[in-house]
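Taking it in order: structure first as C-alpha cells, then the write-up.
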Amino acid sequence: MLVRPRNTEIIHIVRTHMASFVDFHARSVNDRDAFWAEQAKLVDWNVAPKQVCDYSNPPFAKWFVGGETNLCHNAVDRHLKDRADQAALIFVSTETDQEKTYTYRDLHAEVQRMAAILRDLGVLKGDRVLIYMPMVAEAAFAMLACARLGAIHSVVFGGFASHSLATRIEDASPKVIVSADAGLRAGKCVPYKPLLDEAIKLSAHKPTNVIMVNRKLAEFTPVPGRDLDYDTERVKHMDAVVPCEWVESTHPSYTLYTSGTTGKPKGVQRDTGGYTVALAASMPYIFEGQPGGTFFCTSDIGWVVGHSYIIYGPLIGGMATILYEGLPIRPDGGIWWRLVEKYKVNVMFSAPTAIRVLKKQDPALLSKYDLSSLQALFLAGEPLDEPTAKWISEGLNGKAIIDNYWQTETGWPILSICNGVEKAPSKFGSPGKAIYGYSVKLVDDQTGEELLGANQKGVLTIEGPLPPGNLQTLWGDDDRFVKTYWKTVPGKLVYSTFDWAVRDEEGYYFILGRTDDVINVAGHRLGTREIEESISSHPNIAEVAVVGVADQLKGQVAMAFAIAKDSSGLTELAARLKLEGEVMKVVDAQLGAVARPSRVFFVTALPKTRSGKLLRRAIQAVAEGRDPGDLTTMDDPTALQQIAELIKG
Ligand code: PRX
C-alpha cells in the first residue's frame, strides 16, 4: 500500500497545524507518536509503520517500526506522476563552464543506469558503496542509486587525502567505490585517482570494483579487473529498469564519517524511514520550500549539509536542487546571485565563512541581480558572527537570514527559527530556538543538573529518544555510540552535543564553542587528535599539540606546537621553515589540505599538568592572546611562555 499525499494534502497537513510554535513544539515532545505519525504521511510507504517509536532499549531509538519505504522512491520516483518534466537536479560548474538541468524523468533514468551498473557488480541491499567524488551530477546519481538498491553509501569528502580515505574504506568495507579522475578548484586540477589508489593500498579491506567517472581532467591508469569506466558501463544500461528495493524503516541508508576526540573517525549511521520523514517535514516547517521551487545549497556532498540539503531534502520536497562545483568568487563574487536570478532560487543554504569571503567583494554585486524569488538564506556549520549576519541581511534588503545549528549526528537542524510554523524574528548571533522533535536541555557539566534559568552557561544536550533522522548508532560500534554521546553527563542518560550554550529569556540559544577537542575550520569539523597523529608520523617530530585558534575569515584555524626529535639547527629560521613546510606536506598528503595547520611552531616543551595531561585550553587561550586562567596544575610554566613569545613573533 502506498500512502501518497498529494501536494494539496501536504499543504493541508501543514496548515492544520499552524499553531503557535510553542504549542507545535510542545506537542512534538509531549504527544510524540501522534505528532510524528502525522509527519510520516508526508512520504510514501510500501508498508505503513506499525509503531511510531520504539524506545524500549534506550538510547537506541527505532522510528516507524514495521514500515517499509525507500529513500530514492521518495526523492525521485514518487514525483514522476506530477512533475516528471520539472527540473530536479541542476548541475552548475564554474570550473568547467557547464550547466545542465536534469528533470525528474532524466534523474530517474540516470539513477537507474547507475543502479544497474552497481547491481551488475553484485551490490545488494545492505552492501556498502563508498563515494569519493567531486561535485558532479554523477555523485548524486550514485547516492540515489545506492538508496534505490538498499545499499549503504558512505560519501567521503573529496578534500580528504589517502590516509583519511583509507581509514574510512577500512571501516565501511565497501564492495564498490565510485570515484572520478579529478576535481577542479580555482581552475587547478585536483587529481582523485592517485589518492584513491594509495588509500586502497593502505587499507586492509579492498573493494571488488571501482567505477571511474572520467572527466578527462587528469590522466590515470585503470587497474585491470578492478576499475570500470562509467561511460562505457552506462551505455550498456540506457534503458535500465531497476525497481526500488523496499527496505525496513530502520534499514541503514548511509554512514558518514565525522571527527571526534580520538584519531579514529566515527561512522554516523542513519536509518531510512526516520530520515525520510524528518527531511520531508523540515521542508515546509523550517525552510518553507514548496514543491516546484528551487533550493540552492552551496555545501559539498561530502558533508552532512550536502546529504540532507543538496540531495535528499529538496528532492523529497519535490524541488529543484542546484549542485554547484566552484568557488563563490569565480568568475566573480556575483556568481551565486546570478544563479539565484537565473534559476529563481527560493531557498538558499550556505556557511558563514562563505559570506565572510563575499564580504570582501564589491557590495554592488549583491544588487546587480534580481533576487525577488529568494525567500531566505540559511547559514549553518559554525558560529555566525553578528557583523557578517548584519552585512548580508542589509545586502539582501532585509530578507530573512536564518542561522541554524546542528551536527552530522543529527542530520537536520536542532536549533532554528521555524518560519513555516510561526513567523519569528531572527536574533543575530543566535541560531534560534529548539526545533520541534528536540527536547533540548542545558546542563551543568559537573553536576549534570538542568539549568533552567536564563543566561546560564551549560552543555547543550538532547533528551532521548533522539527525533527521526538522527543517528541510530555508530557503524559497527554500539558501545562507542553509547559511551561517546550518552555517558558524559553525570547521572543522566542524555545525548551530548559537546557544545557550550546559553539560552535567553525568550528561549533563543547562543552557541559558545565546543566542550571537546573538535575544531571548526571554515565550517569543516576537524579532530585535533587526527591532525596530531598525522604530524607525529613525520620522522623528526617527537610530540605535538594542535589547537583551534580564532580566525577572522575561517572562524578557526588549526595551529600546531611541536617538539622536534632533533632540534639542532632549528635556531635558524630557514631550518624551522623547512621543517614546518615538511610537516604541512605530511598533513596534506595524509588528511588533505583542509586539515593543514596554518602554522607549525617548534617548542622545547608543551604545557602539561603534573600528571602529563596536555593543557590544550591554556595553549589555545595564549595563542588567541587571552588569559590562560588558573595554571596551578601546570608542570612547567616556561612551556606556556615559549608559546606566548612565538605568537607575539
Ligand atoms: O560546534 C557546532 C558547530 O558545528 C558542529 C557540528 O559540525 P558538523 O558535524 O560538521 O555539522 C554541521 C551541520 C550544520 C556543532 O557541534 N555548529 C554547527 N552549526 C552551528 C555551529 N556553531 C554555531 N552556530 C551554528 N549555527
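Straight run, no breaks: the sequence shown in the numbering used here ends on number 650. Every residue, glycine too, gets a C-beta built ideally from N, C-alpha and C. No experiment lies behind these values; they were computed from the predicted model shown.
When rounded, the separation of the alpha-carbon atoms in K488 and T262 is 15 angstroms. The DSSP-derived three-state label of Q87 is coil.
Relative to A381, the option among S374, G477 and T389 whose CA is nearest is T389.
The C-beta of Q557 has 16 or more other C-beta atoms within 10 Å across all chains shown, which makes the residue buried.
Inter-residue distance for I178 and K126 is about 16 angstroms (C-alpha atoms, whole angstroms).
Relative to the ligand PRX, I463 has its C-beta separated by 8 angstroms or more from all heavy atoms. Closer than 8 angstroms to some heavy atom of the ligand PRX: that describes the Cβ of R526.
DSSP places H26 in the uninterrupted alpha helix (DSSP H) bounded by F22 to N31.
Around the CB of P540, fewer than 16 other CB atoms lie within 10 Å, so the residue is classed as exposed.
For T485, the closest C-alpha among the options T462, R504, V503 and E506 is that of T462.
DSSP places C190 within a strand segment (E or B) once states are collapsed to three. Between the segment 293-311 and the segment 403-417, the count of Cβ pairs shorter than 8 angstroms is three or higher; the stretches touch.
Around the beta carbon of M585, 16 or more other beta carbons sit within 10 angstroms, so the residue counts as buried.
When DSSP assignments are scanned along the segment 464-532, the uninterrupted stretches of beta strand (DSSP E) that are 3 or more residues long and fall wholly within it turn out to be 495-504, 510-515, 519-522 and 525-528.
Taking 9 angstroms as the cut-off, the beta carbon of M239 is found closer than this to the beta carbon of R114.
In the DSSP annotation of this structure, G382 is not part of any alpha helix (DSSP H), being labelled neither H nor E. Two segments are said to touch when three or more pairs of C-beta atoms, one from each, lie closer than 8 angstroms; by this definition the segment 210-224 does not touch the segment 244-256.
Note on geometry: alpha-carbon atoms of D172 and G268 lie some 8 angstroms from one another. Taking one beta carbon from each stretch, the segment 561-580 and the segment 497-516 have fewer than 3 pairs nearer than 8 angstroms; the two do not touch. Annotation: the continuous alpha helix (DSSP H) that includes D121 extends over Y105 to D121. V77 sits away from A62, with the two beta carbons spaced by 9 angstroms or more. Between V341 and F297 the beta-carbon gap is near 7 angstroms, inside 8 angstroms, which marks them as a contact.
Three or more beta-carbon pairs drawn from the segment 318-326 and the segment 286-294 are found closer than 8 angstroms, and the two stretches are therefore classed as touching. In the three-state scheme derived from DSSP, where H, G and I count as helix and E and B as strand, W64 is classed as strand. Comparing alpha carbon positions, the residue from N210, E544, K493 and G454 closest to D505 is G454.
Unbroken alpha helix (DSSP H) stretches of 4 residues or longer found wholly inside the segment 167-213: 194-203, given in chain order. In the structure shown, F288 adopts helical secondary structure according to DSSP, grouped into three states. Of the residues S21, A140, L166 and A425, the one whose Cα lies closest to the Cα of I311 is A140. DSSP places K82 within a helical segment (H, G or I) once states are collapsed to three. By the criterion of a C-beta distance shorter than 6 angstroms, A279 is surrounded in its chain by W413, P469 and G470, once the five residues flanking it on both sides are discounted.
Set against 8 angstroms, the gap from the CB of P59 to the closest heavy atom of the ligand PRX is not smaller.
Leaving aside the five residues that flank H206 on each side, the residues in its chain whose CB is nearer than 7 angstroms to its CB run, in chain order, I170, E171 and S174. Residues of the same chain with a CB within less than 6 angstroms of the CB of G524, apart from the 5 flanking positions on each side, are A352, T354, G382 and E383 in chain order. With contacts defined by Cβ atoms closer than 9 angstroms, F288 and V346 do not form a contacting pair.
No heavy atom of the ligand PRX is found nearer than 8 angstroms to the CB of T256.
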